[in-house]
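K.L.:
Chains as they are written, first to last, in the UniProt record's numbering: chain G, 1 to 507; chain P, 1 to 507.
Next up is a structure, given as structure tokens.
Below, the structure written as structure tokens:
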């Protein structure tokens, strides 16, 4: 590079592209510092070309611009603000199905969403980066503390080049920091011990690092699951790392005992279909003499179902389909339950043990569907959160699966299955069947469970479907089973609010 | 330092403490590299004192030792293996209360714990560190991808000193990496595009960083919540950072409507206490004419409770206390429910709205207890996970609270409360009341919920307790209510297995 004259005017400098060129957009860890750079041989040291009488002023203005730039980069690099989603062609626009004067409804939904965010988000979602060429060393994952319990911070250290004096600071928001008071004769100054900002100063790097190895963090308030961010700083280097604050949870384990009866409970819901139900029970008992059967019954005039290992629960008449499902599942005491509809029939291919085998081999699975008749119905859900004003986009894609279950080529990973499935009791109880869904409903359970339930479908276990019967209650049953359009409309209104959706498509 | 002769024997070197001195125990990020150090002025460059004919051999053996050292440090720095917990004095040792021949029970419990770990742990718990003085820049938190969806990795860059050639690699386990194929004329070599290990080589740092800015990650299998670890490497620098793989979940929001009746449902369980129940209902209706009341009833001979806004569910006789609680809660359609026992009485101080107010102002709260009579009972739980063989230690400490609820000095944060509380329906449904608990049970719900439920207690809302009555069912009620010792024993056995406990103390 040709050597330039020392005389540059302020204007020259301000128009010099090299002087004002901001560093490439660095993802910040709040205040990123890549560290001093090494100038290539032959570079022009720009500070030397600044007129002495303007140096201070120019440096101040440049620093101000740079801080603003960093703030903009920081803002850009927060969790990306949610963007509106695109509805699949053929979707139902939910706001078109709301009752008139739905402005209040929108407001209430927005308020519930804010509460939901307060409950589910924390600083543990914030995007953080490790800046390069930093002399700081710190934990980036896995530093977990119990609430209000002093815990040593692992791995804090400074590896800087030799200096006469080293000063580091560590700052937190939701807790306090402590370290050992240095022994007499050890040249270390500690400021802010027991407060949220700790500063350690020493002429000896070794002594400083010994103190850093003894820093402990104690969160201030009791919270079962949240986080804090610690800002670790040395000269113009800064790093931010997360601290997970979590109340340890005891596990909830089920004793599988020694046979199928202590592992699986059969659950079903019945309404005005006693002939069908009794036919089903007869076939269950052919193959599973002692298995526990739970029946949720909201028939108009309940009839007692006799027999051992049968638990029948009488609900208010016509209480509803999902209310009954939620009731039945709430009573299960075994690790798994098998959902059946009251008009199924067990056959020799209804081998519950085969479903248990797959679940046991894949402990992360929650729901395992089978075949009803020849029909192995399943679907996946394409869901986009959308933005905070309009809501999300939900698209149920029938017959779409992700891939096979490793080791089980006859089984596939999906998001939803038929009404014949084996399920982990605790996982399904955590999602629940929404008792507001009275008549027509199926996919809604899997939508509520999207992201909570690992679902798969298998082709080698099946149940049979009874041919349609005609008996004294059939007409009344059909009146409820095939509800008026108003029922469909209220279901869409439920999707609008409960799942914060903009549109939905049942494909 | 005095200048040493160049002639050192191999033995001299091997005994030289400075040569073999391993670096101080660094917390590793799998293979930590603090980066080259700057030797102090006057240092002896040790490679120069190694006899030339032994240099290669010595270097190899030193490198092998160093790798073993790193492996040992790595092993030391995994998540600390769980250590046995210490039972509080006066605790019940649960293994002493097991049936004879409990070896199989221990085995089954150990198996269930392994499954539980497979379901709840992932690489997202691994302790990771950012090594100091690394030219690598990378994300350390907040990089979240949808399963099987290509996503750009933010913030990857190399800021190394000038060299003729730069080679970086990025390696993952649960997915593949892709980047743009460099345009003709751009001197960049990309190896492993679309595979789990990507290597980028260039003579231009700028070109390399442009390519790094375009690297995307796609997870291989569908999983609702897991992680991957990416190893980013340049020369002898290495960093490991986490990738969160998560299926986005639609929220489940409740419409609070416009009055208390659309916000709160009252729930209760009754057994052989119709006089008490009817007295309670009368007082509820004095203050809340239209509020929905859900009654789970397992009385021997059920009697219909008439009246609007009453939902009565008939259970098998004497089915059980927690089974009934779980049933009642499974039927709630409002955002909150108020739990009451069937022998309470509402008074003018039973202002449900006051409890709702506190819950609404503190959206992270799940359960808010009040006073029964003059008694504001609450407790905290001290829980230590313990080790994998023996299990955890649980200690219920009555009348122990953490601190006040910010803004509500009459309320305190605790782990458990009385049987009079307002609760978020979805949060309590996720924990559940274990239907295996038939008679005596209270704290068990809060133990199952420890770490899942944020619980508080307030002194300004109360309910009254009926004086003990004597009616035709009282004797039979007492026979069930005060069960034989065998009931207490089976409860302890349940704690042993379900919560994987070693000991428990009710203080």
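C-beta atoms are modelled at their ideal positions from N, C-alpha and C, and glycine is treated no differently.
1) Where does residue 468(P) land, buried or exposed, given buried means 16+ other C-beta within 10 angstroms?
2) Just the Cα atoms here: how many angstroms apart are residue 289(G) and residue 281(G)?
3) Go through the stretch 354 to 440 of chain P residue by residue and report every complete run of the beta strand (DSSP E) that reaches 3 residues or more, in order.
4) Take the Cβ of residue 471(G) as the centre, count every other Cβ of all protein chains shown within 10 Å, and call the residue buried at 16 or more, exposed below.
5) Mapping the DSSP letters down to three states, classify residue 442(P) as helix, strand or coil.
6) Look up residue 104(P) in the DSSP assignment and say whether it is helix, strand or coil.
7) State whether the stretch 171 to 190 of chain P contacts the stretch 201 to 212 of chain P, with contact taken as three or more CB pairs (one from each stretch) at a distance under 8 Å.
8) State buried or exposed for residue 415(P), treating a residue as buried only when at least 16 other CB atoms are found within 10 Å of its CB.
9) What residue from 460(P), 147(P) and 309(P) has the CA that sits closest to residue 409(P)'s CA?
10) Are residue 96(P) and residue 299(P) touching if we call contact CB-CB under 9 Å?
11) DSSP three-state call for residue 447(G): helix, strand or coil?
12) Name the chain G residues that come within less than 7 Å of residue 385(P), Cβ to Cβ?
13) Closer than 8 Å, Cβ to Cβ, to anything on chain P: give me those residues from the stretch 436 to 451 of chain G, in chain order.
14) Give the list of continuous alpha helix (DSSP H) stretches no shorter than 4 residues that lie fully inside the stretch 191 to 215 of chain P.
15) Any C-beta of chain P sitting closer than 9 Å to the C-beta of residue 353(G)?
16) Answer yes if the stretch 114 to 124 of chain P comes into contact with the stretch 108 to 118 of chain G, meaning at least three C-beta pairs across the two stretches below 8 Å, and no otherwise.
17) Once DSSP output is grouped into helix, strand and coil, what is the label at residue 282(G)?
18) Residue 254(G) touches chain P at which residues, Cβ-Cβ below 9 Å?
19) Are the C-beta atoms of residue 230(P) and some chain G residue less than 9 Å apart?
20) Are any of the Cβ atoms in chain G nearer than 9 Å to that of residue 261(P)?
21) Check whether chain P comes within 9 Å of residue 502(G), counting only Cβ atoms and requiring the distance to be less than that.
22) Find the residues of chain G that neighbour residue 118(P), judging by a C-beta separation of less than 7 Å, and give them in chain order.
23) Leaving out five residues before and five after residue 223(P) in sequence, what residues of the same chain have Cβ atoms less than 7 Å from its Cβ?
24) Which term fits residue 159(P), buried or exposed, when burial requires 16 or more other beta carbons within 10 angstroms of its beta carbon?
25) So does residue 96(P) have its beta carbon nearer than 8 Å to some heavy atom of the ligand COA?
26) Quick check: is the beta carbon of residue 173(G) nearer than 9 Å to any beta carbon in chain P?
27) Please report how far the alpha carbon of residue 172(P) lies from the alpha carbon of residue 227(P), in whole angstroms.
28) Please name the residue in 492(G), 230(G) and 221(G) whose C-alpha comes closest to that of residue 199(G).
29) Using a cut-off of 7 Å between C-beta atoms, extract the partners of residue 403(G) located in chain P.
30) Work out the CA separation of residue 206(G) and residue 162(G) for me, nearest whole Å.
31) If we call anything under 9 Å between Cβ atoms a contact, is residue 386(G) one with residue 82(G)?
32) Which same chain residues, not among the five before or five after residue 497(G), have their C-beta less than 6 Å away from its C-beta?
33) To the nearest angstrom, how far is the alpha carbon of residue 296(P) from that of residue 312(P)?
34) Do you know whose CA, among 454(G), 380(G) and 331(G), lies nearest residue 316(P)'s CA?
35) If you draw a straight line from the alpha carbon of residue 321(P) to that of residue 123(P), how long is it in whole angstroms?
36) Measuring only the C-alpha atoms, how far is residue 233(G) from residue 98(G)?
P.N.:
According to the data block:
1) Start at 1 with the first residue of the second chain, and residue 468(P) comes out as number 468. That one is exposed.
2) Here residue 289(G) refers to the residue found at position 289 of the first chain. Here residue 281(G) refers to the residue found at position 281 of the first chain. Distance between the alpha carbons of residue 289(G) and residue 281(G) is about 10 Å.
3) 367 to 372, 378 to 387, 391 to 398, 403 to 405, 408 to 414 and 421 to 424
4) The residue labelled residue 471(G) in the question sits at position 471 within the first chain. Result: exposed.
5) Within the second chain, the letter at position 442 stands for residue 442(P). Here residue 442(P) sits in coil by DSSP.
6) As a working note, residue 104(P) is residue 104 in the second chain. Of the three classes helix, strand and coil, the one that applies to residue 104(P) here is helix, per DSSP.
7) yes
8) As a first step, residue 415(P) must be located in the second chain, where it is residue number 415. Label assigned to residue 415(P): buried.
9) Stepping through the second chain from its first residue, residue 409(P) is reached at position 409. Of the listed residues, the one whose Cα sits closest to residue 409(P) is 460(P).
10) Residue 96(P) sits at position 96 when you count from the first residue of the second chain. Residue 299(P) sits at position 299 when you count from the first residue of the second chain. Not a contact, by the Cβ cut-off of 9 Å.
11) On the first chain, position 447 is the one that residue 447(G) refers to. DSSP, read as helix, strand or coil, puts residue 447(G) in helix.
12) Locating residue 385(P) in the second chain gives position 385, where the first residue counts as 1. In chain order: 248.
13) Taking 8 Å as the Cβ-Cβ cut-off against chain P, the residues of the stretch 436 to 451 of chain G that qualify are 436, 447, 448, 450 and 451.
14) 205 to 212
15) Residue numbering aside, residue 353(G) sits at position 353 when the first chain is read from its first letter. Not one chain P Cβ lies under 9 Å of residue 353(G).
16) no
17) Locating residue 282(G) in the first chain gives position 282, counting from the first residue. Note: residue 282(G) maps to helix in three-state DSSP.
18) As a first step, residue 254(G) must be located in the first chain, where it is residue number 254. Near residue 254(G) (Cβ distances below 9 Å), the residues of chain P are 112, 497 and 498.
19) Numbered from 1 along the second chain, position 230 holds the residue referred to as residue 230(P). It does not; no Cβ of chain G falls within 9 Å.
20) Indexing the second chain from 1 puts residue 261(P) at position 261. It does not; no Cβ of chain G falls within 9 Å.
21) Here residue 502(G) refers to the residue found at position 502 when the first chain is read from its first residue. Not a single C-beta of chain P is nearer than 9 Å to the C-beta of residue 502(G).
22) Position 118 of the second chain holds residue 118(P). Chain G residues near residue 118(P): 363 and 364.
23) Mapped onto the second chain, residue 223(P) falls at position 223. Cβ neighbours of residue 223(P) beyond the five flanking positions: 147 and 245.
24) Residue mapping note: residue 159(P) aligns to position 159 of the second chain, counting from 1. Label assigned to residue 159(P): buried.
25) This structure simply doesn't include the ligand COA, nor any ligand for that matter.
26) Working through the first chain from its first residue, we reach residue 173(G) at position 173. It does not: the Cβ of residue 173(G) has no partner Cβ on chain P nearer than 9 Å.
27) As a position in the second chain, residue 172(P) is number 172, starting the count at 1. As a position in the second chain, residue 227(P) is number 227, starting the count at 1. If you take the alpha carbons of residue 172(P) and residue 227(P), they lie about 10 Å apart.
28) For the purposes of this step, residue 199(G) is taken as the residue at position 199 of the first chain. Comparing Cα positions, the closest option is 230(G).
29) The sequence position of residue 403(G) within the first chain is 403, counting from 1. The contacting residues are 221 and 222.
30) The residue labelled residue 162(G) in the question sits at position 162 within the first chain. The residue labelled residue 206(G) in the question sits at position 206 within the first chain. Approximately 11 Å, taken between the alpha carbons.
31) Walking along the first chain from the start, residue 386(G) turns up at place 386. Walking along the first chain from the start, residue 82(G) turns up at place 82. Result yes, Cβ atoms of residue 386(G) and residue 82(G) sit closer than 9 Å.
32) In the first chain, residue 497(G) corresponds to position 497, counting from 1. Excluding sequence neighbours, residue 497(G) sits near 109.
33) Counted from its first residue, the second chain places residue 296(P) at position 296. Counted from its first residue, the second chain places residue 312(P) at position 312. C-alpha separation (whole angstroms): 6 Å.
34) The residue you call residue 316(P) lines up with position 316 of the second chain. Checked all of 454(G), 380(G) and 331(G); the closest Cα to residue 316(P) is 331(G).
35) Locating residue 321(P) in the second chain gives position 321, where the first residue counts as 1. Locating residue 123(P) in the second chain gives position 123, where the first residue counts as 1. One C-alpha to the other measures close to 40 Å.
36) Residue mapping note: residue 233(G) aligns to position 233 of the first chain, counting from 1. Residue mapping note: residue 98(G) aligns to position 98 of the first chain, counting from 1. Approximately 53 Å, taken between the alpha carbons.
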